[in-house]
Amino acid sequence: MLSGGIFVINRILYALQQHSLLVETANLAKMENWQGKVQTDNRKIKPGDIFVCIQGANFDGHNFINSALEKGADIIVCREINKRDIPYIKVKDTRKAAAVIARTVMLPQKIPYTLIGITGTNGKTTTSLLLYEALRNLGFRCGWIGTLGYYIEGKAFPSERTTPDIIELNEIFGQMIEAKVDYVVMEVSSHSLSLDRIYGVKFDYCLFSNLGRDHLDFHQTLENYGKAKMSFFEQGAKDGSISVINTADAFGVQIKDMLKEKQAKVYSLGGNDAEFQYSDIKTDINTSSFKLIAENCEIPVTSRLIGSFNIQNLGLTALTLYALGVSPEAIHNSLKDIPPVQGRLERVENNFNIGIFIDYAHTPEAIDNVLKAVEDLPHKRILCLIGAGGDRDKGKRPLMLKSALNHSDVVIISDDNPRSENPERIIKDIVSSSDIFLPWWIIRNRQQAISSIIRLAQEEDIVLICGKGSEDYQEIEGVRHHFNDREEALKALAEKEIKDKADDELILPIDQTLLKLLLLPNWEPEPKGYQETYSYYYLSIDSRSIKPGSVFIAIKGEKYDGHSYLEDVLKIKENCAIGEIPYPLNQFSEENSYYQVENCLETMGLICRKYLQLFPAKRIALTGSTGKTTCKELMAQVLQSSAPVLKTLANENNIIGLCKTIIRIKPEQQYAIFELGTNHFGEIAALADVANPDIGIILNIGPSHLEYFGDEEGVFREKITLFKRPLALRLYPGDDFRFDYLANEGISIGYAENCDYRITRHKCNKDNQSFYLNEDLWFLPYGAPHYAINSAFAIVLGLKLGIDKEKMQTALNKPIQLELRSHVEKRGTGLLILDCYNANPYSMQKALEYWQELNPEQPHYAILGDMLELGESSILYHQMISAMLAEMRYEKLYTVGNYSRIYHPEKESPIFHYNTVEELIADRKLNSLPENAIILVKGSHAIQLERVIPILKGED
């Protein structure tokens, strides 16, 4: 700080004249003993200070002149003044005047250090800190000013702005001089350029990184933003600065052209006409290396910083060091051991082999760049967390999500400094132009979001947490609450170690904001005011077992109506419910706790479809008229030999069962097998929309559910809708001519000569079988012949997914256990064939053929029920089975139901037919069947033939 009264005042006036700012002065003669400071904040005024009246976005210093005088200000610097009897200096521009006066008062005329400034949208902090550390490694005393505050020779000091205000900046420069630094490296923001915070500061070197979309809340247009950046170099050209420009950026080319036109000294790198070019670029998860090549120069660079965007930061740093006169060898040595910058692709170490990185990226371009960088690293999936700050450029919000989706497999959207805005408004802006079924998910609570994305990540995945970088706060309505992304990531990793989550707990919680977006099409959040959020970790349709923190969906069933239990559910305040009826808020429910929709089943499907998109499992949809569950189990057995599998439980193949399966999915599961059933037109299409399969499989077409489909052609039309969607792979029955048109669109499997995968040399024994599938021999531990075609589908699926044949055979050697489905067990010296879970003409035919082939020398008995849901063809199909039975050899036939009487040949007497299974049991004829009998139990599940099994086993 200069002293000397009127001498200093005269220097101030001279400096203002040099900058063409001075208009008039008055009453300064009294200031011959002036010893004060320069202030732009009237609250900091002390007796003797100069008060400069700056007009800001929210205040005008001219309104505080009286306050400043009352606090003892000696001189007022202003554009206009009414008090003519006080010492004042009238100027054209008080911002610029403040910069000139502060510099004149606080710093010597000759600055003893070299000042390096860097501007650009992204990379300022990393590049400037690299320069700072490299120069220190070279033995120079250094200072740094930027986003993280300022450093003087390794000691850190806080600051609230990327570029400090006029007064603070000159105070920092003063400290740098006192510390006798050789170099000061400084980030220069567009705000500081537009607000004249660096007016009058002469930079020895001016660096440019890139130009992208940012701060348009302040600059309004990208053109204005660019003009602010350009002004830095225009002033540099006037001051004789040396510039180092990244001309791989289009705006960098404009800067270079302007500087060349002004005959300024400029170094350029990247781009077609640059002086220096990149060569031999290599990057992995630990290091990066490359060379900067010019006509007579080669600069090798090796660094612990990774990613393609850091190549540009390192290149700009290396070229600046070269411009400063540092040798290529010294440049290499100065950079090779510098650690990554805090919050700039900062790695979070862990024991899960997951690449977890924290990065400050909060613009579309920055997100694009950092994701491109991690794309170059070895990885399986990329999971990205983003958010957008409140009270900032709204136009960039949807572009941020677009950038993230372009380079990520999963995007989680979270709160990030909402400031005075409603976070729900911010998030709706982010997703406003995105398809609802793209792989993004909302978890507003940032702590939960970080925990969830790390739960979702698996070995060799990359998790990128964007937005905060090194910030350690969440700003809400003017209050900064402590929050640090790195700390939260470490907590989440500790939780992942424990693995104590409930089996039915969702990996990704369902956020209230997401529910509003999905379920309320006309929802418009308020623009201002913080809205709390809540996340739900369970999805339930059963009020009896509901847990706190659940989304309850009120399903109407045949025997119950979930709407009857809404009050019970909502008594738990942590729950919300979805229903089809109006439900008034009462003492048990609050706003956001109930959502009315048109169709609860469709809504459940919508939520589950959205949820499923976030998981890595390859999705496989399987349908057919018979054998679906058996084939599904065989497929699961084959795929499980390679990786964890999710599969439909039992035969839960309707929309409720599909959704129950989806919410059980875990991130480690690499395959998901969904069994799709139907008894009405349109159901397969609806189920496939929810499952959104990568692979579609139709096992067969047969006469089932004909009361709705009419005939087999109707069944075919319904099943084939699975293939009328984009699929990576289609598997179909090659023995069915109706599929012939798919010869170039899928893979056929069967016994026919034209099948892509043909079963031949099929041999069956009582307990096992073998067959060739093309050239490969396969063995199965089942006697029932139909296992061959089901297994063939499973094998072909495994082959197409790259699973080892030996692993598949080992898996298939273990018999699957399917209750009441072709299950064979010993009974005395005979056999019991239990196949009464379902029945249609095809499965009945195959069961009867298998029954006949088993131990033909022993007595055969059959207990057969109706084949239901065959519509107008019911009598015809039962007559077909009767014709088969007429050609078969057996001791006795027992039938149950309405149509199964038809099974008995006309000549058979007596006819053992019963209207109900109760009548059959009461007749007690089953109690005395011989112990060496081969007994088949087959019929539709509704006939309840399983009730006779204990009798046949001698248990009743």
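So the mapping is simple: the numbering used here equals the position in the sequence shown, first residue as 1, plus 478.
Positions of the beta carbon are idealized from the N, C-alpha and C atoms, including for glycine.
Subject >> Through-space distance from Glu-611 to Leu-998, alpha-carbon basis >> reply: 53 Å
Subject >> Min CB distance Ile-914 to chain B below 8 Å >> reply: The displayed structure is made up of one protein chain only, and chain B is not part of it.
Original post:
DSSP on Asn-1291, reduced to helix/strand/coil?
Top reply: coil
**OP:** Return yes when the C-beta of Asn-1246 is under 7 Å from any heavy atom of the ligand ADP, and no when it is not.
**Re:** For the ligand ADP, the structure offers nothing, since it holds no ligand at all.
Original post:
Hey, quick one: how far does the alpha helix (DSSP H) through Asn-648 stretch, first residue to last?
Top reply: 644-656
**OP:** Name the one or two DSSP bridge partners that Phe-1257 has.
**Re:** Ser-1248
**OP:** Put Thr-605 into one of helix, strand or coil per three-state DSSP.
**Re:** helix
**OP:** Compute the beta-carbon to beta-carbon distance between Glu-665 and Thr-625, rounded to the nearest angstrom, for a pair I have assumed lies under 8 Å.
**Re:** 6 Å
Original post:
Exposed or buried, what is Asn-1178 when buried is set at 16 or more other beta-carbons lying within 10 Å of its beta-carbon?
Top reply: buried
Original post:
Which stretch, first to last residue, makes up the beta strand (DSSP E) that contains Gly-1308?
Top reply: 1308-1313
Original post:
Touch check for the segment 583-594 and the segment 776-790: three-plus C-beta pairs under 8 Å?
Top reply: no
Original post:
With 16 other CB atoms within 10 Å as the buried threshold, where does Trp-1001 fall?
Top reply: exposed
Subject >> Cβ neighbour criterion (16 or more within 10 Å) applied to Lys-658 >> reply: exposed
Original post:
Where does Lys-1138 fall in DSSP's three states?
Top reply: helix
Subject >> Alpha carbon of Glu-1303 to alpha carbon of Asp-1234, nearest angstrom >> reply: 35 Å
**OP:** Report the rounded CA-to-CA distance for Gly-714 versus Arg-619, giving the unit in angstroms.
**Re:** 24 Å
Original post:
Okay, do the segment 1150-1163 and the segment 1094-1108 touch, 3+ Cβ pairs below 8 Å being the bar?
Top reply: yes
**OP:** Report buried or exposed for His-959, applying the criterion of at least 16 other Cβ atoms within 10 angstroms of its Cβ.
**Re:** exposed
Original post:
Distance, Cα to Cα, Gly-1432 vs Asn-1405?
Top reply: 8 Å
Original post:
For Gly-718, is the classification buried or exposed, using 16 other Cβ atoms within 10 angstroms of its Cβ as the cut-off for buried?
Top reply: exposed
**OP:** Measure the beta-carbon distance from Leu-1084 to Leu-996 and round it to whole angstroms, keeping in mind my assumption that it falls under 8 Å.
**Re:** 6 Å
Original post:
Can the beta-carbon of Ile-1227 be found closer than 8 Å to that of Phe-1271?
Top reply: yes
**OP:** Give me whichever residues DSSP pairs with His-1301 in a beta bridge.
**Re:** Leu-1312
Original post:
How about Lys-705 and Leu-689: do their beta carbons lie closer than 8 Å?
Top reply: no
Original post:
Of all the options Tyr-1186, Ile-1162, Leu-1332, Leu-1044, which has the alpha carbon lying nearest to the alpha carbon of Thr-1246?
Top reply: The sequence shown places Asn at residue 1246, not Thr. It is Leu-1332.
Subject >> Segments assigned beta strand (DSSP E), at least 3 residues, entirely inside the segment 1018-1067 >> reply: 1028-1031, 1054-1057
Original post:
Are the Cβ atoms of Val-530 and Ala-576 separated by less than 8 Å?
Top reply: yes
**OP:** Could you check if Ala-634 is buried or exposed, using at least 16 other CB atoms within 10 Å of its CB as the buried criterion?
**Re:** exposed
Original post:
Candidates Ile-1237, Arg-1195, Ala-1206: which alpha carbon is nearest Asp-1213's?
Top reply: Ile-1237
Subject >> Own chain residues within Cβ distance below 8 Å of Lys-508, not counting five before or after >> reply: Pro-565
Original post:
Which of helix, strand or coil does DSSP assign to Arg-1195?
Top reply: helix
**OP:** With a threshold of 16 other CB atoms inside 10 Å of the CB of Arg-1203, please say whether the residue is buried or exposed.
**Re:** exposed
Original post:
How many Å lie between Glu-902 and Glu-1004 at the Cα?
Top reply: 8 Å
**OP:** State the DSSP-derived secondary structure class of Ser-1182, mapped to helix, strand or coil.
**Re:** coil
Original post:
Would Phe-1201 be called buried (16 or more neighbouring beta carbons within 10 Å of its own) or exposed?
Top reply: buried
**OP:** Report the rounded CA-to-CA distance for His-540 versus Gly-598, giving the unit in angstroms.
**Re:** 33 Å
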